[in-house]
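Below is the structure:
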């Protein structure tokens with residue numbers, strides 16, 4: 008292609024992405040029948056950001072019912088968009104917030120509070136005598152996470168400790184948001200509900216407890232009339248003031264394949280007879296618990312239901328069965344006047360259009376690279392590959408290195424990510440990204456391993472005729488150099504900044520025009536706040552160093568014959584092998600985790616390593632794998648075009664660091 012054709016391709020991809028976002032916006036606004044605004048309110052010394060969906064039928068003359076949506080750990084308000092879209096289509100005003108430490112909210116997650124103890128069983132079934140009520144120490148982020156299921160309305164035995172610590176606000180901003188939502192003149196505050204997913208279910212319990220028995224200025228009851236728990240935990244009535252706190256019409260959506268089952272019911276699987284446990288029979292108010300059956304009455308708020316959903320933990324937020332059951336529950340509890348059937352949904356179309364827009368925009372980075380390579384400064388970024396056939400890896404020699412690479416990643420991932428997530432002694436006022444610290448820990452170890460496994464053959468080659476130099480490592484454009492080419496490195500970094508900068512600017516435009524960022528269900532690319540931009544700059548050097556070593560190892564030191572060949576077939580030949588090396592370890596772990604899990608035995612990490620090494624990073628793999636596949640594609644293309652690893656490595660590092668710091672949990 009010539010320069011003009013690359014420009015046409017770039018513009019075409021961006022226009023197609025814009026069209027997808029326009030259609031997505033039409034769907035989320037119900038083709039103009041729902042107005043969507045993003046704003047914030049002040050509480051607890053900071054700002055909580057929210058997204059408000061207001062149907063045009065909600066007016067001061069005809070106030071509408073309302074629902075508050077609360078997301079899960081490492082998510083944000085837009086993770087609730089399936090519920091928001093479907094509820095708003097039914098005439099319900101919806102507010103979704105970024106909870107403490109997430110998204111655009113400026114209040115850190117530590118403001119949730121913590122205590123120096125935890126329970127290792129269902130709250131109310133614990134005791135110090137049997138070792139299920141235990142002391143806990145360590146980093147603040149660790150104690151916060153160990154107390155996620157400990158709620159601020161629980162008895163002081165749980166919610167306070169002797170050191171003066173307490174669970175301050177387990178609603179994570181939800182209580183203040185519920186008050187604001189009810190204050191709008193177009194909202195009927197006597198018909199409001201709350202729903203949350205995972206961490207958000209604990210927030211939902213906390214909101215419902217705070218407003219139990221509450222009244223408005225007219226003396227009318229404004230307590231939530233519906234509580235919908237998406238993968239929520241139950242607790243015994245004995246752990247709070249059950250004589251004065253009442254929960255109206257509670258629906259529990261239980262994922263059959265919930266990776267966090269151990270942390271909710273302290274069992275490795277969700278069995279069919281789980282609903283017959285004393286805990287759920289107390290919840291349902293019956294001695295004969297059954298799935299998918301409503302007990303009690305909506306009229307007096309005693310309605311209870313446990314719905315079994317054939318999905319996993321993360322996908323419950325966008326599962327058709329779960330959405331249908333929840334819509335039916337809200338319709339009944341809030342007395343919604345709608346002609347839409349509970350199973351009438353459009354959210355999936357919107358999700359797929361935004362996903363397509365994300366791929367199109369990422370794809371636009373490649374013709375931009377080609378245009379850069381046509382310019383004087385960046386033209387020198389494209390260099391020749393070293394003419395050393397003995398450095399090309401083929402057959403068994405290649406696959407031996409690939410298998411070792413895969414096994415190292417698989418073996419180290421669950422241990423190092425969990426170590427960094429909870430206990431790695433990092434300055435917590437500097438390294439504030441909880442999930443970021445997990446990857447930081449893992450990347451640092453892999454950097455050391457890659458450095459060692461590079462230096463050993465490098466030194467050995469000094470004693471042979473098959474010398475290895477920095478050109479062989481993909482770090483220089485000249486044979487025989489004794490160090491990296493820093494000018495080549497600078498050009499690669501600036502090219503990566505231009506490519507990712509395009510993605511950022513386009514994403515910023517989409518967010519400004521439509522309130523939609525580039526994602527698929529979970530947060531991927533979000534515009535930065537100043538605080539999060541600072542965190543991005545703190546984590547980026549380690550991410551960049553990791554991807555430079557990673558690309559040097561996989562793309563340069565394991566260079567394949569097809570690397571210098573032209574054509575799509577040669578590209579695919581390189582890409583699939585590179586992808587296996589980059590993501591193979593996680594794929595192996597997924598098999599270890601999910602084969603026994605779907606066989607009904609339990610999550611593999613919990614069974615092999617203990618529940619400490621299950622949890623967020625294992626469930627994160629289904630989100631992590633597609634990210635790395637995209638990184639491998641970008642890195643393969645840029646390596647073949649430039650002859651060095653810098654542009655691909657820095658591009659992947661910036662994208663990975665952006666995903667981790669842009670919207671996920673911050674302490």
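Residue numbers (my numbering): 8 to 674. Yeah, the Cβ is synthetic: ideal placement off N, Cα and C, and Gly gets one too. These numbers were taken from a predicted model, which means no experiment stands behind them.
- A distance below 9 Å separates the beta carbons of residue 78 and residue 86.
- Sequence-distant partners of residue 526 (beyond 5 residues in either direction) whose C-beta falls short of 6 Å from its own C-beta are missing from its chain.
- In this structure, DSSP gives residue 377 a helical state, which the three-state scheme calls helix.
- DSSP places residue 436 outside any alpha helix (DSSP H), giving it a letter other than H or E.
- Remark: three or more beta-carbon pairs, one from each stretch, lie closer than 8 Å, so the stretch 274-288 and the stretch 602-617 are flagged as touching.
- Residue environment analysis places residue 80 among the buried positions, since at least 16 neighbouring C-beta atoms fall within 10 angstroms of its C-beta.
- The beta carbons of residue 47 and residue 56 sit closer together than 9 Å.
- Taking residue 645 as the centre and dropping the five residues before and after it, the same chain places the C-beta of 654, 655 closer than 6 Å to its C-beta, in chain order.
- The three-state secondary structure of residue 196, taken from DSSP, is strand.
- For residue 656, the three-state secondary structure derived from DSSP is helix.
- Annotation for residue 283: 296 place their beta carbon closer than 7 Å to its own, counting only its chain and skipping 5 residues before and after.
- For the options 191, 184, 225, the alpha carbon positioned closest to that of residue 215 is the one of 184.
- For residue 150, the closest of 167, 114, 534, 26 by C-alpha to C-alpha distance is 167.
- Of the residues assessed, residue 12 falls on the exposed side of the cut-off, its CB having fewer than 16 other CB atoms within 10 angstroms.
- DSSP lists no beta-bridge partner residue for residue 209.
- Minimum Cα-Cα distance from residue 475 among the listed residues 394, 204, 429 corresponds to 394.
- Between residue 457 and residue 641, the gap from beta carbon to beta carbon reaches 9 Å or more.
- DSSP, read as helix, strand or coil, puts residue 533 in coil.
- In this structure, residue 494 keeps its C-beta atom at 9 Å or more from the C-beta atom of residue 376.
- Across the structure, residue 120 and residue 252 are spaced so that their CA atoms are roughly 22 Å apart.
- In this structure, DSSP gives residue 584 a helical state, which the three-state scheme calls helix.
- The residue from 179, 155, 227, 142 with its alpha-carbon nearest to that of residue 170 is 142.
- When secondary structure is reduced to three states using DSSP, residue 43 falls in the strand class.
- Every unbroken stretch of the beta strand (DSSP E) spanning 3 or more residues and falling wholly within the stretch 251-288 is given here in chain order: 257-264.
- Pairing residue 20 with residue 517 gives a Cβ-Cβ distance that is not under 9 Å.
- DSSP places residue 646 in the uninterrupted alpha helix (DSSP H) bounded by 628-649.
- Between the alpha carbons of residue 509 and residue 280 lies a distance of about 52 Å.
- Your pair residue 159 and residue 176 checks out as a contact, with CB atoms roughly 6 Å apart and the cut at 8 Å.
- In the three-state DSSP reduction, residue 74 falls in the strand class (E or B).
- With the rule of 3 Cβ pairs closer than 8 Å, the stretch 343-352 counts as touching the stretch 88-102.
- In terms of Cα proximity to residue 562, the closest of 575, 580, 545 is 580.
- In the DSSP assignment, residue 142 falls outside any alpha helix (DSSP H) and lies within the beta strand (DSSP E) extending over 140-142.
- Put simply, the backbone Cα of residue 58 is about 15 Å away from that of residue 530.
- Residue 603 counts as buried, since at least 16 other C-beta atoms from the protein chains shown sit within 10 angstroms of its C-beta.
- Three or more Cβ pairs closer than 8 Å define a contact, and the stretch 413-431 falls short of that threshold against the stretch 533-550.
- Residue 556 and residue 652 have their C-alpha atoms spaced approximately 9 Å apart.
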